[in-house]
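Number of protein chains: 2
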Amino acid sequence: MEVFKQITEVQQKAQQVKRDGKSIGIVPTMGYLHEGHLKLIQEAKNENDFVILSIFVNPLQFGENEDLDAYPRDEERDLQRAEEHGVDLVFFPTEQTMYPHPLSMEISVIRRADVLCGRSRPGHFEGVVTVLTKLFNICLPTNAYFGMKDAQQVAVVDALIKDFNFPVKLKPIATVRETDGLAKSSRNVNLTEVERKESPAIFEALQYGKKLYDSGECNVSNIIEKTRQFLEERTHGKIDYIELLSYPELENVKVIDRQVILAIAINYKRARLIDNIVFSEAGVTTG
Amino acid sequence: MEVFKQITEVQQKAQQVKRDGKSIGIVPTMGYLHEGHLKLIQEAKNENDFVILSIFVNPLQFGENEDLDAYPRDEERDLQRAEEHGVDLVFFPTEQTMYPHPLSMEISVIRRADVLCGRSRPGHFEGVVTVLTKLFNICLPTNAYFGMKDAQQVAVVDALIKDFNFPVKLKPIATVRETDGLAKSSRNVNLTEVERKESPAIFEALQYGKKLYDSGECNVSNIIEKTRQFLEERTHGKIDYIELLSYPELENVKVIDRQVILAIAINYKRARLIDNIVFSEAGVTTG
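Sequence order for the protein chains is A and B.
Count along the first sequence starting at 1, add 1032, and that's the number in this note's numbering.
Count along the second sequence starting at 1, add 1032, and that's the number in this note's numbering.
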């Protein structure tokens, strides 16, 4: 496994791999790898000749009052896990390498961004698409792997690739969960013991909301309100949002007549957790 | 020579060419090819295994009151000239192909854009970098060729490539001129007979301005004012701007202590012409 810190060495390697007729899978991460990431790596291994893992805690996608400094880091363990899982190249740049001077260009995300996490995290998806534009150009992936836990991110990356015609195929991968249902996240380590015990209620609430639809509740407002009550009774975390939108367009719907996402964000003391469930009007769960 | 209208056929062809270990030169144009374009094609032929010419009158880079409808078109002659000059592939998309739905992303140019043409053409460079981002991702060029007549465009593309790490080398090519000095432009056909006779004064004014510096005039304001007087005495065209800035940063300078650009834009009845001269503090002309 090669570990590169410089852009040009990664770009040259990627160009060589492409010239050899090989496919490249990229797994973009902010490190502190958990099973969710490892599943992305495994899928990338299955479908590509060469797998690049990028590890970069991208300051551009953190808001002023967000957890950039609290974001957990463990370089040594990350590299060990990457090697164990057959990653071919780790791109591990510094902030100075990725943003050596103020950018002359800014990308704004004008659709799919002003709902869910985007509403409470202004500038977040701008940071995401900026770093991904750079990573796509540096790593030249054939396929790009993202977890469906960040379903809005998947929707925004889908728009990024389509709008700008990146020669990259988006590969959304189903959320990996703890045995009690909590979605795997690097931020879970920041939960208190009590918060951790309550946190499975997030996924339970999503399943409850979908069950309401399965049982004949068609009104979106009712589903959201009942899901909120369900969740509030089971955790002290502060609900940031519960939303039900079309997917991947992320537009408001009154009734469920197409594929939708039911999504929750909840603020604990030192961790903000998100989770979601995507299902069709026939009630079939995807992602 | 292949002529493609669809994005996927160009992208697949470009991927095949790259897999074959060949370099790709792109010459992005809005058609109505003149000798300036042909020189770009020739340079691309000299330096690459495979040359793609794109022809697309990009509506995104025209302002509301600009000459989108007046922009000259001659598909048949363009294709004939491309073939004669050894272009391998012409990408000739429709507006519907390039912008099939409203974009979810917008790129803003926050440096190098609020001077020269950018000042009087709000949104112009946003349109340029958007279409180039798409063209780079579709055509996968090794080298990209641009005429120095649009020196600000060259500076903005330089920033686009560096900011987003496109694996593309920028190749600025010196302006091609008529025998009387007028810079070649698709828009020259829209000049009246009288305007055409006066128009060599633009390049003469640029040379006059540089001569002032060569003769010891260091004050930028004085150079600009004397150049303006020189030009106003020789043409009825309405001067949009005469500016002298650092290049390629396009920042204001008081004295000439680094590479600079002296640039002119002038409005005639049905054509807006631009021209420039780039020279170092030692007085050496480049581009």
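We put the CB at the ideal spot given by N, CA and C, even for glycine.
Worksheet entry | T1129/B, buried or exposed, once every other Cβ within 10 Å from all chains shown has been counted against 16 | Start at 1 with the first residue of the second sequence, and residue 1129/B comes out as number 97. Exposed is the call here.
(message) I'd like the list of long-range same chain contacts for Q1043/B, defined as Cβ closer than 7 Å, with 5 residues on each side in sequence excluded.
(response) Taking the first residue of the second sequence as 1, we reach residue 1043/B at position 11. Here the set comprises I1170.
**Study point:** Beta-carbon proximity of A1303/A to R1219/A, cut-off 8 Å
**Key:** Position 271 of the first sequence, counted from the start, is the residue given in the question as residue 1303/A. Position 187 of the first sequence, counted from the start, is the residue given in the question as residue 1219/A. Yes.
Between which residues of its own chain and R1143/A is the CB-CB distance below 6 Å, once the five residues before and five after are set aside? By 1-based counting over the first sequence, the position of residue 1143/A is 111. Cβ neighbours of R1143/A beyond the five flanking positions: none.
Given 8 Å, three or more beta-carbon pairs between the stretch 1197–1211 of chain B and the stretch 1036–1051 of chain B
no
Quiz item: Helix, strand or coil: which one does DSSP assign to G1213/B?
Solution: Sequence index remark: in the second sequence, residue 1213/B carries index 181 (1-based). Reduced to three states, the DSSP call for G1213/B is coil.
| Thinking C-beta only, is V1083/A closer than 8 Å to G1118/A? | Here residue 1118/A is taken as the residue at index 86 of the first sequence, counted from 1. Here residue 1083/A is taken as the residue at index 51 of the first sequence, counted from 1. Yes, the pair counts as a contact, with Cβ atoms nearer than the cut-off.
*For K1054/B, the three-state DSSP class (helix, strand or coil)*: Numbered from 1 along the second sequence, position 22 holds the residue referred to as residue 1054/B. Looking at K1054/B - three-state DSSP - the assignment turns out to be coil, as it is neither helix nor strand.
For a test of the three-state rule: what should DSSP assign to Y1240/A, helix, strand or coil? As a position in the first sequence, residue 1240/A is number 208, starting the count at 1. Three-state result, Y1240/A: helix.
Neighbour-count burial assignment, V1226/A, 16 or more Cβ in a 10 Å radius: Position 194 of the first sequence, counted from the first residue, corresponds to residue 1226/A. Under this definition V1226/A is an exposed residue.
For L1148/A and G1269/B, the rounded distance between their alpha carbons
For this step, residue 1269/B is matched to residue 237 along the second sequence. For this step, residue 1148/A is matched to residue 116 along the first sequence. Computed Cα separation, rounded: 53 Å.
Worksheet item: At a Cβ cut of 7 Å, what residues of the stretch 1042–1064 of chain B count as close to chain A, listed as they run along the chain?
Response: Q1043, Q1047, K1050, R1051 and G1053
For this session: Determine the extent of the beta strand (DSSP E) in which V1083/A is found, giving its start and end residues.
Result: Translated into positions along the first sequence, residue 1083/A becomes position 51. From DSSP, the beta strand (DSSP E) with V1083/A extends over F1082 to I1087.
Let me know if A1314/B comes out buried or exposed under the rule of 16 or more other beta-carbons within 10 Å of its beta-carbon. Mapped onto the second sequence, residue 1314/B falls at position 282. Its Cβ having fewer than 16 others within 10 Å, A1314/B is exposed.
Tell me which residues share the same chain as D1212/A and place their Cβ nearer than 6 Å to its Cβ, disregarding the 5 neighbours each side in the sequence. One-based indexing of the first sequence puts residue 1212/A at position 180. Closer than 6 Å at the Cβ level, and outside the excluded window around D1212/A, lie P1232.
### Task
Look up R1290/A in the DSSP assignment and say whether it is helix, strand or coil.
As a first step, residue 1290/A is located in the first sequence; it is residue number 258 there, counting from the start. Looking at R1290/A - three-state DSSP - the assignment turns out to be coil, as it is neither helix nor strand.
Item checked: beta strand (DSSP E) segment containing R1304/B, residue limits -> For the purposes of this step, residue 1304/B is taken as residue 272 along the second sequence, with counting starting at 1. Residues R1304 to F1311.
- Can you tell me whether DSSP reads A1233/A as helix, strand or coil? In the first sequence, residue 1233/A corresponds to position 201, counting from 1. Helix, per DSSP.
Next item on the list: Give the C-beta separation of K1050/B and L1172/B to the nearest angstrom, bearing in mind that I take them to be a contact with Cβ-Cβ under 8 Å.
Entry: Counted from its first residue, the second sequence places residue 1050/B at position 18. Counted from its first residue, the second sequence places residue 1172/B at position 140. That pair is a contact at about 6 Å.
query = How close, in whole Å, do the beta carbons of G1179/B and T1162/B come, if the pair is a contact with beta carbons under 8 Å?
reply = Reading the second sequence from its first residue, position 147 is the one you call residue 1179/B. Reading the second sequence from its first residue, position 130 is the one you call residue 1162/B. Contact flag wrong, Cβ pair sits at about 20 Å.
In chain order, what are the residue ranges of uninterrupted alpha helix (DSSP H) at least 4 long that sit wholly in the stretch 1156–1201 of chain B?
1156–1171 and 1183–1196
What residue range does the alpha helix (DSSP H) around K1258/B cover?
Taking the second sequence and counting its residues from 1, one reaches residue 1258/B at position 226. Segment V1252 to E1264, the alpha helix (DSSP H) holding K1258/B.
Would R1105/A pass as a contact of Y1131/A if the rule is Cβ separation under 8 Å?
Residue mapping note: residue 1105/A aligns to position 73 of the first sequence, counting from 1. Residue mapping note: residue 1131/A aligns to position 99 of the first sequence, counting from 1. The answer is no: Cβ separation not under 8 Å.
Nearest candidate by alpha-carbon position, reference V1252/A, set G1057/A, H1133/A, N1308/A and V1292/A | If you number the first sequence from 1, residue 1252/A lands on position 220. Considering only alpha carbons, the answer is V1292/A.
Helix, strand or coil for S1278/B, going by three-state DSSP, please let me know.
Your numbering for residue 1278/B matches position 246 in the second sequence. Correct three-state label for S1278/B: strand.
Q. Using a beta-carbon distance cut-off of less than 7 Å, what residues from the stretch 1150–1171 of chain B approach chain A?
A. V1161, T1165, K1166, N1169 and I1170
Review point. What is the DSSP secondary structure of I1298/A, reduced to helix, strand or coil?
Key: Taking the first sequence and counting its residues from 1, the one referred to as residue 1298/A is at position 266. If DSSP states are grouped into helix, strand and coil, I1298/A belongs with the strands.
Does the Cβ of L1100/B have 16 or more other Cβ atoms within 10 Å, making it buried, or fewer, making it exposed?
Counting from 1 along the second sequence, the entry for residue 1100/B is found at position 68. Exposed.
| request: Quick one: list the residues of chain B neighbouring A1191/A, beta-carbon separation under 9 Å, in chain order. | output: What you label residue 1191/A is simply residue 159 of the first sequence in a count that begins at 1. Here the neighbours are L1135, S1136 and M1137.
_With distance defined between alpha-carbon atoms, name the residue in N1308/B, A1102/B and D1120/B nearest to I1073/B._
The sequence position of residue 1073/B within the second sequence is 41, counting from 1. Nearest of N1308/B, A1102/B and D1120/B to I1073/B, Cα basis: D1120/B.
Got a sec: which bits of the stretch 1276–1298 of chain A sit with their beta carbon under 8 Å from any beta carbon on chain B, in order along the chain?
none
As a quick exercise: from A1183/B, L1167/B and S1152/B, pick the residue whose alpha carbon is nearest that of L1294/B. Mapped onto the second sequence, residue 1294/B falls at position 262. Here the closest residue by C-alpha is A1183/B.
Per DSSP, what kind of secondary structure is D1110/B in: helix, strand or coil?
-> Position 78 of the second sequence, counted from the first residue, corresponds to residue 1110/B. Correct three-state label for D1110/B: helix.
Check K1037/B in the structure and name its three-state DSSP category.
Looking up residue 1037/B in the second sequence gives position 5. It is coil, neither helix nor strand.
Distance cutoff 8 Å, beta carbons only. Does R1347/A sit that close to anything in chain B? The shown model of chain A, from 1033 to 1319, leaves out residue 1347/A, and the question about it has no answer.
Alpha carbons only, please: which of G1248/A, V1287/A and Y1240/A is nearest the one belonging to R1266/A?
Residue 1266/A sits at position 234 when you count from the first residue of the first sequence. Ranking the options by Cα distance to R1266/A, first place goes to Y1240/A.
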